[in-house]
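Visitor: Residue numbers (the working numbering): 3 to 404. All C-beta atoms, glycine included, are put in the ideal place defined by N, C-alpha and C.
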Amino acid sequence: GFPTVQMKAGSLEKPEQFEVVDAKTFRIKFLRKSKLTLPDLAVPVPFIINSTVAKANATEKDPWAMEYLHRTPAGSGAYKVERWDPGQQLVYTRNDAWKGGPLPAAKRIIMREIPSQSTRRALIERGDIHLSHDIPAKDAKELGALKTVKVVGTPIENCLHVLCTNLNFEPFKDKKVRQAVAYAVPYQEIFQNAAYERGAPMWGAKSAEPTDIAWPQPFPYSTDYDKAKELLSQTAFKDGFEVPLSFDLGTAEWGEPTALLIQEGLAKIGIKATIDKIPGANWRTVALVEKKLPLHLDNFGGWLNTPDYYFFWAYVKGNLFNSSNYDDAEMMQLINETLHMPMDDATYAPKIKRMIAKAFDDVPRIPLYQPNLDVAMRPGLDGYEAWFHRMVDVRPLTFKTA
Numbered sequence: 003g004f005p006t007v008q009m010k011a012g013s014l015e016k017p018e019q020f021e022v023v024d025a026k027t028f029r030i031k032f033l034r035k036s037k038l039t040l041p042d043l044a045v046p047v048p049f050i051i052n053s054t055v056a057k058a059n060a061t062e063k064d065p066w067a068m069e070y071l072h073r074t075p076a077g078s079g080a081y082k083v084e085r086w087d088p089g090q091q092l093v094y095t096r097n098d099a100w101k102g103g104p105l106p107a108a109k110r111i112i113m114r115e116i117p118s119q120s121t122r123r124a125l126i127e128r129g130d131i132h133l134s135h136d137i138p139a140k141d142a143k144e145l146g147a148l149k150t151v152k153v154v155g156t157p158i159e160n161c162l163h164v165l166c167t168n169l170n171f172e173p174f175k176d177k178k179v180r181q182a183v184a185y186a187v188p189y190q191e192i193f194q195n196a197a198y199e200r201g202a203p204m205w206g207a208k209s210a211e212p213t214d215i216a217w218p219q220p221f222p223y224s225t226d227y228d229k230a231k232e233l234l235s236q237t238a239f240k241d242g243f244e245v246p247l248s249f250d251l252g253t254a255e256w257g258e259p260t261a262l263l264i265q266e267g268l269a270k271i272g273i274k275a276t277i278d279k280i281p282g283a284n285w286r287t288v289a290l291v292e293k294k295l296p297l298h299l300d301n302f303g304g305w306l307n308t309p310d311y312y313f314f315w316a317y318v319k320g321n322l323f324n325s326s327n328y329d330d331a332e333m334m335q336l337i338n339e340t341l342h343m344p345m346d347d348a349t350y351a352p353k354i355k356r357m358i359a360k361a362f363d364d365v366p367r368i369p370l371y372q373p374n375l376d377v378a379m380r381p382g383l384d385g386y387e388a389w390f391h392r393m394v395d396v397r398p399l400t401f402k403t404a
């Protein structure tokens with residue numbers, strides 16, 4: 003599953019690699035030198051639990067006490083869970099016995115799950131909550147103009163909003179069809195109407211060869227319907243075809259306007275796309291696990307900020323976020339060679355440039371833009387930090403009262 007593959011990226015593959023030295027020390031045995039091992043230990047997947055508590059709640063059917071630990075925290079940290087109402091709220095109280103750092107300022111934190119974006123916006127506008135996390139780009143732009151709300155926007159590292167072509171779908175097996183689609187995307191309109199110009203454009207590169215290893219970086223496509231028609235005319239699908247265009251209703255604030263604009267663009271070159279709205283609860287299964295959506299929007303971002311790590315997840319056949327079913331021997335070799343390689347190795351940059359150039363040319367994933375992580379808060383809230391995992395760390399937050 004996902005945790006196993008995540009740890010494999012950092013060469014953490016076997017239980018025998020972890021040794022308990024004493025009550026305060028773990029020893030980790032490296033399988034190989036890898037730049038990703040130490041960062042991989044800091045992602046949300048690996049954490050230390052109280053083994054005494056876990057063993058006391060283990061059963062024959064559940065020897066690792068997974069069912070118990072799913073609902074009952076047995077770790078350590080600056081806060082303890084006071085109450086958990088699934089799908090509604092999580093209430094934390096400060097752990098005054100915590101020795102892992104300075105005690106947080108807030109003695110109690112209430113994290114509420116509010117599905118309605120309009121309700122979330124109203125709460126922050128009225129000052130009824132201190133912070134609203136991961137708000138839509140439209141709200142970020144409009145709330146940022148108010149004196150009563152502070153908006154912080156941070157480009158999400160190693161993340162792209164993309165249009166994915168599934169190579170298991172007959173037309174998209176042809177690279178020229180995929181390239182035609184890339185030229186039929188109305189990038190500027192999407193950036194204006196879905197991203198509200200928050201984030202970074204990822205189209206319009208001047209060259210098909212990358213000049214550096216920055217990632218993400220703009221792809222060498224822009225809106226050119228004549229070029230798209232020319233490419234499509236060179237394929238078996240010169241008269242166009244029909245395809246469902248899917249997006250996650252859980253990300254409808256950017257997904258729906260993006261899908262509608264792409265639908266209009268594809269129609270101009272003879273491709274009829276029908277909009278397919280998939281409930282958020284089903285999205286991961288149909289898009290990422292079953293990988294059966296012919297054309298769909300995706301927003302994968304890699305926790306570890308290197309290009310090879312992004313490609314490991316999104317361009318290796320079978321890996322979770324390769325929802326395009328892309329499979330290429332040269333790309334696989336480049337990923338395997340660079341994943342653990344130091345970034346200052348003399349061969350690293352040339353290999354990464356080749357990797358990016360292949361992504362440009364094969365284009366199973368068509369980048370639209372690099373999104374922001376936008377957060378709205380009361381002006382009196384300080385200490386907010388943007389993290390790679392896109393979650394809120396409440397420990398450094400401080401609150402000023404009027």
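Tell me the residue span of the alpha helix (DSSP H) that contains E21.
Guide: Where E21 is concerned, there is no enclosing alpha helix (DSSP H), although the beta strand (DSSP E) it sits in stretches over F20 to D24.
Visitor: Return the CA-CA distance between Y317 and Y223, expressed in angstroms with no decimal places.
Guide: For Y317 and Y223, the distance between alpha carbons rounds to 19 Å.
Visitor: With DSSP run on the structure shown, which of helix, strand or coil describes L2?
Guide: No information on residue 2 is available, as it lies outside the stretch 3 to 404 that the chain covers here.
Visitor: Using CA atoms only, rank isn't needed, just tell me which of G272, Q19, R110 and A283 is closest to T237.
Guide: Nearest option by C-alpha distance: G272.
Visitor: Kindly give me the distance between the Cβ atoms of L247 and Q219, rounded to whole angstroms, as I take these residues to be in contact under 8 Å.
Guide: Between Q219 and L247 the Cβ distance is about 25 Å, and since that is not below 8 Å, they are no contact.
Visitor: Under 8 Å, with one C-beta from each stretch per pair, do the stretch 356–372 and the stretch 190–207 reach the 3-pair mark?
Guide: The stretch 356–372 vs the stretch 190–207: in contact.
Visitor: Helix, strand or coil: how does DSSP classify M68 here?
Guide: Residue state, collapsed to three classes: helix.
Visitor: I need the straight-line Cα distance from P344 to K229, nearest angstrom please.
Guide: Cα-Cα distance, rounded: 40 Å.
Visitor: Is the distance from the Cβ of S326 to the Cβ of R356 below 9 Å?
Guide: No, they are not a contact pair.
Visitor: Evaluate the contact criterion for the stretch 123–133 versus the stretch 248–264: three or more CB pairs, one atom per stretch, below 8 Å.
Guide: Contact between the stretch 123–133 and the stretch 248–264 is absent, because fewer than three Cβ pairs lie under 8 Å.
Visitor: Run through the DSSP bridge pairs and tell me what K279 is partnered with.
Guide: Beta-bridge pairing links K279 to F249.
Visitor: Select from K208, A216, G257 and G282 the residue whose C-alpha is nearest the C-alpha of K140.
Guide: It is G257 whose Cα lies nearest to the Cα of K140.
Visitor: Do P381 and V151 have their CB atoms nearer than 9 Å?
Guide: Yes; because the gap between Cβ atoms is below 9 Å, this pair is in contact.
Visitor: Identify the continuous alpha helix (DSSP H) that holds T260 and give its terminal residues.
Guide: Where T260 is concerned, the enclosing alpha helix (DSSP H) stretches over A254 to A269.
Visitor: Near K57, which residues of its chain fall below 8 Å by C-beta distance, leaving aside the five closest residues on each side in sequence?
Guide: Cβ within range, chain order: A67.
Visitor: Pick out the complete beta strand (DSSP E) segments inside the stretch 317–380, 3 residues or longer, and give them in chain order.
Guide: As far as the stretch 317–380 is concerned, its whole beta strand (DSSP E) runs of at least 3 residues are 367–372 and 374–379.
Visitor: Who are the Cβ neighbours of W285 in its own chain at under 7 Å, not counting the five residues just before and after it?
Guide: Only D250 and G252 meet the Cβ criterion.
Visitor: Whose CA, out of K35, P65, E18 and G77, lies closest to the CA of P46?
Guide: Among K35, P65, E18 and G77, the Cα nearest to that of P46 belongs to G77.
Visitor: Please classify R128 as buried or exposed, where buried requires at least 16 other C-beta atoms within 10 Å of its C-beta.
Guide: Burial call: exposed.
Visitor: Under 7 Å Cβ to Cβ from Y81, same chain only, skipping five residues before and after it: list those, please.
Guide: Here the set comprises Y94, T95, R96, N97 and I111.
Visitor: Starting from Q119, follow the alpha helix (DSSP H) in both directions and report where the run begins and ends.
Guide: Looking at the DSSP string, the run of the alpha helix (DSSP H) that includes Q119 is Q119 to R128.
Visitor: Using the rule of at least 16 other Cβ atoms within 10 Å of the residue's Cβ for burial, across every protein chain shown, is L162 buried or exposed?
Guide: L162 should be labelled buried.
Visitor: If K294 sits next to V288, beta carbons under 8 Å apart, how far is it from one beta carbon to the other, in whole angstroms?
Guide: Contact flag correct, Cβ pair sits at about 6 Å.
Visitor: Quick one: what's got a C-beta closer than 7 Å to F243's C-beta in the same chain, skipping five residues either side?
Guide: Counting only Cβ-Cβ distances below 7 Å, and skipping sequence neighbours, we find P173 and I273.
Visitor: Pull the bridge partners of L297 from the DSSP assignment, please.
Guide: T167 and L247.
Visitor: Roughly how many angstroms lie between the CA atoms of D24 and K63, to the nearest whole one?
Guide: Rounded to the nearest angstrom, the two C-alpha atoms are 29 Å apart.
Visitor: Once DSSP output is grouped into helix, strand and coil, what is the label at V153?
Guide: DSSP places V153 in strand when its eight states are reduced to three.
Visitor: Hey, F171 and V245 are a contact pair by Cβ (cut 8 Å); roughly how many whole angstroms apart?
Guide: Between V245 and F171 the Cβ distance is about 7 Å, and since that is below 8 Å, they are a contact.
Visitor: To the nearest angstrom, report how far apart A395 and G89 are at their CA atoms.
Guide: What sits at residue 395 in the sequence shown is Asp, not Ala. If you take the alpha carbons of D395 and G89, they lie about 20 Å apart.
Visitor: Going along the chain, which residues of its own chain have a beta-carbon closer than 7 Å to the beta-carbon of I354, five neighbours each way excluded?
Guide: Counting only Cβ-Cβ distances below 7 Å, and skipping sequence neighbours, we find I215, P309, D310 and T340.
Visitor: Report the option in V183, I277, K240 and K143 whose CA atom is closest to the CA atom of Q1.
Guide: There is no way to answer for residue 1, as the model of the chain reaches only from 3 to 404.
Visitor: Distance check for F302 and W315, CA to CA, integer angstroms please.
Guide: Cα to Cα, W315 sits roughly 9 Å from F302.
Visitor: If you measure between the beta carbons of A210 and A359, is that distance less than 9 Å?
Guide: Cβ atoms of A210 and A359: closer than 9 Å.
Visitor: Just reading off the beta strand (DSSP E) that I111 is part of, what are its end residues?
Guide: Element bounds for I111: R110 to R114.
Visitor: How big is the Cα-Cα spacing for Q8 and D42?
Guide: C-alpha separation (whole angstroms): 8 Å.
Visitor: Measuring CA to CA, which of P117, C166, M379 and R73 is closest to S134?
Guide: Residue M379 is the option with its Cα nearest to S134.
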